[in-house]
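These protein sequence lines map, in sequence, to chains Y and L.
Mapping the first sequence onto the working numbering, position 357 (from 1) lands on 463, and the numbers just tick up by one.
Mapping the second sequence onto the working numbering, position 25 (from 1) lands on 131, and the numbers just tick up by one.
Number of protein chains: 2
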Amino acid sequence: MVKKTHARLADGREIIYFDESDGAERATSDRRELPPFRLQPTARHDVLQDEWVSLADFRQDRTYLPPDDQCPLCPSTPIRATEIPAHSYDVVVFENRFPSFATMAAAAHADVQAADAQGPGELLLRRQAGVGRCEVVCFTADHNSSFSALTPDRVRTVIEAWVDRTITLSALPHVEQVFCFENRGKEIGVTLSHPHGQIYAYPFLTPRTRRMLDSARSYRERTWRNLFADVLAAELHSGERVVARGDSWTAFVPFAARWPLEVHVYPNNHVPDLPALSEPERAELSWICLDVLRRMEAVFDDTLPYIAAWHQAPVRIDRDLARLHLQLFSIRRGPGRLKYLAGSESAMGAFINDISPETAARLLREAR
Amino acid sequence: MVKKTHARLADGREIIYFDESDGAERATSDRRELPPFRLQPTARHDVLQDEWVSLADFRQDRTYLPPDDQCPLCPSTPIRATEIPAHSYDVVVFENRFPSFATMAAAAHADVQAADAQGPGELLLRRQAGVGRCEVVCFTADHNSSFSALTPDRVRTVIEAWVDRTITLSALPHVEQVFCFENRGKEIGVTLSHPHGQIYAYPFLTPRTRRMLDSARSYRERTWRNLFADVLAAELHSGERVVARGDSWTAFVPFAARWPLEVHVYPNNHVPDLPALSEPERAELSWICLDVLRRMEAVFDDTLPYIAAWHQAPVRIDRDLARLHLQLFSIRRGPGRLKYLAGSESAMGAFINDISPETAARLLREAR
Numbered sequence: 107m108v109k110k111t112h113a114r115l116a117d118g119r120e121i122i123y124f125d126e127s128d129g130a131e132r133a134t135s136d137r138r139e140l141p142p143f144r145l146q147p148t149a150r151h152d153v154l155q156d157e158w159v160s161l162a163d164f165r166q167d168r169t170y171l172p173p174d175d176q177c178p179l180c181p182s183t184p185i186r187a188t189e190i191p192a193h194s195y196d197v198v199v200f201e202n203r204f205p206s207f208a209t210m211a212a213a214a215h216a217d218v219q220a221a222d223a224q225g226p227g228e229l230l231l232r233r234q235a236g237v238g239r240c241e242v243v244c245f246t247a248d249h250n251s252s253f254s255a256l257t258p259d260r261v262r263t264v265i266e267a268w269v270d271r272t273i274t275l276s277a278l279p280h281v282e283q284v285f286c287f288e289n290r291g292k293e294i295g296v297t298l299s300h301p302h303g304q305i306y307a308y309p310f311l312t313p314r315t316r317r318m319l320d321s322a323r324s325y326r327e328r329t330w331r332n333l334f335a336d337v338l339a340a341e342l343h344s345g346e347r348v349v350a351r352g353d354s355w356t357a358f359v360p361f362a363a364r365w366p367l368e369v370h371v372y373p374n375n376h377v378p379d380l381p382a383l384s385e386p387e388r389a390e391l392s393w394i395c396l397d398v399l400r401r402m403e404a405v406f407d408d409t410l411p412y413i414a415a416w417h418q419a420p421v422r423i424d425r426d427l428a429r430l431h432l433q434l435f436s437i438r439r440g441p442g443r444l445k446y447l448a449g450s451e452s453a454m455g456a457f458i459n460d461i462s463p464e465t466a467a468r469l470l471r472e473a474r
Numbered sequence: 107m108v109k110k111t112h113a114r115l116a117d118g119r120e121i122i123y124f125d126e127s128d129g130a131e132r133a134t135s136d137r138r139e140l141p142p143f144r145l146q147p148t149a150r151h152d153v154l155q156d157e158w159v160s161l162a163d164f165r166q167d168r169t170y171l172p173p174d175d176q177c178p179l180c181p182s183t184p185i186r187a188t189e190i191p192a193h194s195y196d197v198v199v200f201e202n203r204f205p206s207f208a209t210m211a212a213a214a215h216a217d218v219q220a221a222d223a224q225g226p227g228e229l230l231l232r233r234q235a236g237v238g239r240c241e242v243v244c245f246t247a248d249h250n251s252s253f254s255a256l257t258p259d260r261v262r263t264v265i266e267a268w269v270d271r272t273i274t275l276s277a278l279p280h281v282e283q284v285f286c287f288e289n290r291g292k293e294i295g296v297t298l299s300h301p302h303g304q305i306y307a308y309p310f311l312t313p314r315t316r317r318m319l320d321s322a323r324s325y326r327e328r329t330w331r332n333l334f335a336d337v338l339a340a341e342l343h344s345g346e347r348v349v350a351r352g353d354s355w356t357a358f359v360p361f362a363a364r365w366p367l368e369v370h371v372y373p374n375n376h377v378p379d380l381p382a383l384s385e386p387e388r389a390e391l392s393w394i395c396l397d398v399l400r401r402m403e404a405v406f407d408d409t410l411p412y413i414a415a416w417h418q419a420p421v422r423i424d425r426d427l428a429r430l431h432l433q434l435f436s437i438r439r440g441p442g443r444l445k446y447l448a449g450s451e452s453a454m455g456a457f458i459n460d461i462s463p464e465t466a467a468r469l470l471r472e473a474r
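As structure tokens, then:
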């Protein structure tokens with residue numbers, strides 16, 4: 107059982123402890139002097155791509171690769187106050203101090219809309235306030251650990267935190283999509299090495315999710331079937347890209363993988379998002395997450411920079427079309443070598459993968 | 107006047123010299139012993155995103171950051187044979203030895219199509235041969251130079267090479283789109299530091315181009331106007347994001363820029379692709395390319411990793427909708443700091459920019 111405690115940081119940001127034992131004391135208050143938390147991120151419409159791009163120009167000053175003894179995600183000590191005003195924690199979630207989306211941006215929402223509803227820029231220069239929320243999820247108080255080194259019980263607690271935050275953030279005004287993810291490794295720009303993930307609550311559907319829903323919609327119109335269910339069935343039928351199987355989950359390298367190491371983890375039943383997972387599904391999920399991640403880390407004899415991305419159904423629409431799944435991928439393509447996004451990928455969106463999905467799946471099955 | 111000479115490398119690949127003087131002797135032949143050039147890249151359909159992903163698993167062995175005295179793009183010397191069997195050159199183009207697309211893949215085309223036209227994978231597991239071509243464009247024989255250090259006359263020769271190759275590659279069977287680009291800087295994965303660009307001839311429309319055409323099509327249906335013309339007019343009307351203007355070209359930071367430093371260069375008249383440029387447009391292009399790139403390099407006191415991407419109209423369709431333009435962008439967001447693509451960008455396609463487009467435009471206007 108997870109015990110949840112709410113508190114506030116010195117600048118008013120919310121912090122939520124998820125403790126594995128009932129006895130955890132959470133009375134400590136944040137004694138830092140912080141400037142007030144008042145940021146107004148915005149988003150602009152790219153009319154050529156029909157996609158929203160966020161603008162958060164105050165983030166330039168965010169904490170950048172601090173030395174280990176300056177880590178803001180470690181517990182506070184008597185001589186140093188961090189973002190977490192407690193001497194230890196199990197899992198803790200708090201609002202990001204440098205967010206790309208913020209609830210308080212809502213105040214500017216009406217103004218921005220009004221300014222754009224006139225003039226020749228009406229179609230071409232659209233913007234909206236960056237209403238939403240960005241949260242940080244610390245997986246453990248141990249600075250030198252990693253997600254793959256967590257116990258299954260701890261992963262279970264992280265899952266409960268994701269579920270809790272998905273429910274809460276989905277209920278916020280203007281939020282259309284909740285995205286739980288982890289960036290790991292300085293090679294992909296992680297500025298804090300302490301084991302942590304993030305949650306973004308977006309005020310729009312992200313481009314990838316929109317395309318996925320468009321594909322699922324046209325597939326249903328054509329076949330009367332669910333695209334995600336049929337993709338999973340085709341992978342199980344072929345078997346050559348399957349990496350791990352459980353009663354409730356299947357992990358496979360996608361047929362058209364973009365990244366040298368990429369694994370998708372699907373629930374075997376149709377589940378729209380993390381809160382909709384049953385008890386047994388949550389229990390097995392902690393096992394399969396660890397199994398797949400440890401296999402990925404074992405393939406190359408090297409550190410594994412990776413992104414773990416939870417695709418959830420949108421908050422308001424198409425919840426019957428979209429299926430929850432985890433996308434795990436690394437930019438490592440060999441020991442000491444990274445896959446970079448260059449002209450074809452970054453400018454044209456046309457990916458070139460150097461490792462065949464079947465080879466990747468074989469390496470992952472044989473790993474450990 | 108540019109003198110063009112065709113030859114073949116030892117493994118049968120084509121090489122084309124673009125010489126600025128008529129007297130250049132091109133009789134030297136490639137004396138290396140190379141394995142035959144027989145590669146079969148493929149492409150797979152990502153059914154969730156409705157996008158093609160290329161698979162070129164033989165590229166893992168490609169030349170990777172060789173020492174300067176082993177550069178394969180320098181001219182050959184009496185004691186070392188490189189990819190260019192000549193003791194000097196102005197601009198030279200040759201087929202990439204490790205291509206993501208190849209004309210000879212056409213032989214496999216029919217087989218691949220036949221294999222997929224049956225079974226339950228018909229909609230879900232589609233693939234095609236990677237028919238097309240990948241070429242390397244060396245801008246100068248000087249290993250330690252860069253595009254921004256070229257003379258306007260040399261840029262003019264590079265433009266003639268792009269025009270020539272666009273015409274030739276557009277005429278190849280199965281080719282749908284020709285993409286001239288330059289990746290610069292090891293921070294974005296460039297494996298050879300010698301000043302060079304690349305050309306990809308794709309057997310499909312790239313995802314970004316498809317979305318751009320979709321946007322232009324729905325804009326025309328709605329307004330009876332051309333989207334690119336109106337974007338340019340809106341930027342000229344506002345002026346706050348314009349970086350440089352000429353009689354034939356305008357450079358501006360896009361309203362919804364994804365990258366810390368991003369500049370789009372549009373022809374002032376409607377031109378679908380590089381071969382359609384008039385003489386005066388080509389002449390001014392060499393000036394504005396150098397001007398914008400030098401400004402970008404001057405903004406941060408640091409090396410500038412960048413991508414220069416020529417968006418051209420597709421070969422066969424929508425040539426009235428699409429307008430030629432150059433997209434220049436850098437991942438540098440400050441001295442010593444890079445913009446990385448992490449979870450939001452890589453997994454969701456939702457970009458977050460740390461520098462406002464108006465600030466970037468001001469920095470670029472003030473630079474030099």
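C-beta atoms are modelled at their ideal positions from N, C-alpha and C, and glycine is treated no differently.
Give me the residue from L/D320, L/F124, L/L383 and L/F361 with the minimum Cα distance to L/I423. L/D320
Does L/Q155 get closer than 7 angstroms to chain Y when you measure Cβ to Cβ? yes
Identified DSSP bridge partners for Y/R150: Y/V159 and Y/R233
Assign Y/A456 to one of two classes, buried (16 or more other C-beta atoms within 10 Å of its C-beta) or exposed (fewer than that). buried
Keeping to the same chain, check which residues put their C-beta closer than 6 angstroms to that of Y/H112; ignore five residues upstream and five downstream. I122
Proximity to L/H370 [Cα-Cα], best of L/R364, L/V359 and L/V377: L/V359
Flag Y/M107 as yes if its beta-carbon sits less than 7 angstroms from any beta-carbon of chain L, otherwise no. no
Output the residue ranges of the alpha helix (DSSP H) runs that lie fully inside the segment 368-409 of chain Y and measure 4 residues or longer, sorted by chain position. 385-405
Beta-bridge partners of Y/A113, as assigned by DSSP: Y/I121
Limits of the beta strand (DSSP E) - the one that L/W355 falls within: W355 to F358
Counting pairs of Cβ atoms below 8 angstroms between the segment 243-251 of chain L and the segment 170-188 of chain L, do you hit three or more? yes
Do Y/V198 and Y/E264 count as a contact pair if the criterion is CB distance below 7 angstroms? For clarity, residue 264 of chain Y is Val in the given sequence; the question names Glu instead. No.
Tell me where the beta strand (DSSP E) around Y/V348 begins and ends. V348 to R351
Distance, L/E189 Cα to L/L298 Cα: 13 angstroms
Measure the Cβ-Cβ separation of L/C395 and L/V281 and say whether it is below 7 angstroms. no
Neighbourhood of Y/R347 by C-beta, 7 angstroms cutoff - its chain only, sequence neighbours within 5 removed: E341, F358, V359, F361, P463, E464 and A467
Per DSSP, what are the beta-bridge partners of Y/A307 in this structure? Y/R239 and Y/V284
Skipping 5 residues on each side, what residues in its chain have a beta carbon closer than 7 angstroms to that of L/L278? T209, R239 and A307
Measure the Cβ-Cβ separation of Y/T312 and L/M454 and say whether it is below 7 angstroms. yes
Hey, how far is the Cα of L/D128 from the Cα of L/E266? 15 angstroms
Three-state class that DSSP yields for L/V337 in the structure shown: helix
List, in order along the chain, the chain Y residues whose C-beta lies closer than 7 angstroms to that of L/H151? A362
8 angstroms Cβ shell around L/P386 - same chain, five flanking residues per side excluded: D353 and S354
Counting Cβ pairs, one atom from each stretch, are 3 or more of them under 8 angstroms apart for the segment 325-339 of chain L and the segment 427-434 of chain L? yes
Alpha carbon of L/L469 to alpha carbon of L/I305, nearest angstrom: 31 angstroms
Could you check whether the Cβ of L/F245 sits closer than 7 angstroms to any Cβ belonging to chain Y? no
For L/E464 and chain Y, any beta-carbon pair shorter than 7 angstroms? no
Do we get a CB-CB distance below 7 angstroms when we pair Y/A220 with the residues of chain L? Confidence at Y/A220 is low in this model, with a pLDDT of 48, below 50, so its placement is unreliable and the value that follows should be read with caution. With 7 angstroms as the cut-off, Y/A220 does not count as an interface residue toward chain L.
Three-way DSSP call (helix, strand, coil) for L/H343 in this model: helix
Any idea if L/M402 is buried or exposed, counting beta-carbon neighbours within 10 angstroms, 16 or more meaning buried? buried
Just to make sure I have the definition right: I need the residues of chain L whose C-beta is within less than 7 angstroms of the C-beta of Y/Y446. Which are they? I294 and G295
What's the C-alpha gap between L/R323 and Y/D156? 12 angstroms
So is Y/Q418 buried or exposed if we call it buried at 16+ other beta carbons inside 10 Å? buried
6 angstroms CB neighbourhood of Y/A116 in its chain, flanking five on each side removed: D136, R138 and L140
Grouping DSSP H, G and I as helix and E and B as strand, with all else coil, what is Y/L275? helix
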